[in-house]
Amino acid sequence: MALKHVLGTIVVLTCVVCYHNSCYCGFVFDDISAIKDNRDLRPHTPLVNVFFNDFWGTPMHKEQSHKSYRPLCVLTFRWNYLLWQLEPMGYHLVNMLLHSVVCLMYFR
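First residue of the sequence shown: 35, per our numbering; consecutive thereafter.
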């Protein structure tokens, strides 16, 4: 049992060491469109819109939509927005946490 805890700690520390530098970076590439410009992340936008709009916040029925349907990802962005607003460090911290959890699940 103790060995599992040690290995779990090593896995989490490895994730933190590898990705901690991302916490000091801003939004890059498509983060501007997916996070900063996406109205679906804002609390005043109805939550149900996440299920009818594409990844970028464009209604799926519109011709301009990229048809990239990722509601779970957009929901995590919305959760991040509620916690951190548009502060990139918060988004990067949550990504590190999620990555660590996935790695722990893999090694369990």
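For every residue, glycine included, the Cβ atom is placed at its ideal position computed from N, Cα and C.
The secondary-structure analysis by DSSP pairs N87 across a beta bridge with P93.
No residue range can be given for H54, since it is assigned to no alpha helix (DSSP H) and is classified by DSSP as neither H nor E.
Rounded to whole angstroms, M35 and K101 show a C-alpha spacing of 46 Å. Counting C-beta pairs with one atom in each stretch, the region 121-137 and the region 54-64 have three or more that are closer than 8 Å, which means they touch.
Note on geometry: alpha-carbon atoms of E97 and R104 lie some 18 Å from one another. Between N83 and M94, the C-beta spacing is not below 8 Å. Looking only at D74, V45, V50 and T48, the smallest Cα-Cα distance to N114 is reached by D74.
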